[in-house]
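Quick notes on the structure that follows.
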Amino acid sequence: MNARSGLSLFELLIALALLALIAIGLSGALSFAVAVYDRVRLDPQQYEQVALKARLRSWLANATPPTGIAPYPVEFVGAATRLEFTTTHAKGFALEAAALRVLVESDGGDLLITITEMDDDGETLATHTEIVAQDISPALSFFDSHLDDSAWGGTWSDASRLPDLVRIQATKNDNANWHTFIVKPLLK
Numbered sequence: 087m088n089a090r091s092g093l094s095l096f097e098l099l100i101a102l103a104l105l106a107l108i109a110i111g112l113s114g115a116l117s118f119a120v121a122v123y124d125r126v127r128l129d130p131q132q133y134e135q136v137a138l139k140a141r142l143r144s145w146l147a148n149a150t151p152p153t154g155i156a157p158y159p160v161e162f163v164g165a166a167t168r169l170e171f172t173t174t175h176a177k178g179f180a181l182e183a184a185a186l187r188v189l190v191e192s193d194g195g196d197l198l199i200t201i202t203e204m205d206d207d208g209e210t211l212a213t214h215t216e217i218v219a220q221d222i223s224p225a226l227s228f229f230d231s232h233l234d235d236s237a238w239g240g241t242w243s244d245a246s247r248l249p250d251l252v253r254i255q256a257t258k259n260d261n262a263n264w265h266t267f268i269v270k271p272l273l274k
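Structure (structure tokens):
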């Protein structure tokens, strides 16, 4: 029989310290998982609005420049409460469409988006209207770095190119779920 069987006090303390570190790591991971679950647990209407907002960001980023030659309208129209543009980035939304004409506008406290699917000849295939955000008074603005005094403007009137940035923000005392939305069109 060995005179030293079992664990010494020092070995036991080290094992307990390692178990405590593992428990701390697991509790941190568990609290992170609970926080992530709470953030993504949305009701179906909010989920649809988040998806529309993500699509709008993608469509704006891939807006067709006004200099593009196409059988459908490609002009970019921007005002303080209305934005209209064309994009060929229809993946995952309109499989049969060659392009989308997107209209974003304020309508009595809601931010609406109307998407018109167009084929290669510019003919309308379908039109969809959805609410992107409710109970907000959006202010749309456009950034132009080509001016001497680069600043945000309430309208976009340069028919030869896209704005450098597009911003949609809620005015004060509006829906707290709408955060300022800024997109840079990729094509110039």
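Numbering (this note's numbering), first residue to last: 87 to 274. Glycine included, C-beta positions come from ideal geometry on N, C-alpha and C.
Cα-Cα separation between residue i and residue j, rounded to whole angstroms
i, j, result
"Ala-225", "Ala-149", "20 Å"
"Tyr-158", "Ser-243", "19 Å"
"Lys-270", "Leu-105", "50 Å"
"Gly-195", "Glu-182", "33 Å"
"Pro-93", "Leu-102", "Reading the sequence as shown, one finds Leu at residue 93 and not Pro. Going by the C-alpha atoms only, they are around 12 Å apart."
"Ser-192", "Glu-134", "18 Å"
"Val-120", "Lys-177", "33 Å"
"Ala-166", "Ile-268", "14 Å"
"Ser-91", "Arg-127", "54 Å"
"Glu-216", "Val-188", "11 Å"
"Leu-112", "Leu-95", "26 Å"
"Ala-237", "Val-252", "12 Å"
Local Cβ density within 10 Å of residue i, reported as buried at 16 or more and exposed below that
i, result
"Gln-132", "exposed"
"Tyr-123", "exposed"
"Ala-137", "exposed"
"Thr-173", "buried"
"Leu-99", "exposed"
"Leu-116", "exposed"
"Glu-209", "exposed"
"Ile-254", "buried"
"Glu-97", "exposed"
"Ile-66", "The question about residue 66 has no answer, for the chain in this structure spans 87 to 274."
"Leu-107", "exposed"
"Phe-171", "buried"
C-beta atoms of residue i and residue j nearer than 9 Å
i, j, result
"Leu-198", "Val-218", "yes"
"His-175", "Ala-140", "no"
"Ile-222", "Thr-257", "yes"
"Ala-212", "Ala-180", "yes"
Own chain partners of residue i with C-beta closer than 8 Å, once the 5 adjacent residues on each side are dropped
i, result
"Pro-152", "Val-160, Glu-161, Phe-162, Ala-245, Ser-246, Arg-247 and Leu-248"
"Lys-274", "Because the pLDDT at Lys-274 is just 48, under 50, the model does not fix this residue reliably, and the value given afterwards should be weighed accordingly. So the qualifying residues of the chain are Pro-151, Arg-247 and Leu-248."
"Arg-143", "Phe-267 and Val-269"
Residues near residue i by beta carbon distance below 7 Å, same chain, minus five either side
i, result
"Gly-154", "Val-160"
"Trp-145", "Thr-173, His-175, Leu-186 and Val-188"
"Leu-272", "Ala-147 and Asn-148"
"Asp-207", "Pro-157"
"Ile-110", "none"
Other residues of its chain near residue i: CB distance less than 6 Å, five sequence neighbours each side excluded
i, result
"Leu-169", "Val-190 and Leu-226"
"Gly-239", "Phe-228"
"Asp-205", "Ala-184 and Leu-211"
"Gln-28", "An answer regarding residue 28 cannot be provided, because it is not within the stretch 87 to 274 covered by the chain."
"Trp-264", "Ala-219, Ile-222 and Ala-256"
"His-214", "Ile-201"
Nearest-angstrom beta carbon gap, residue j and residue i [assumed within contact, 8 Å]
i, j, result
"Asp-250", "Asp-230", "6 Å"
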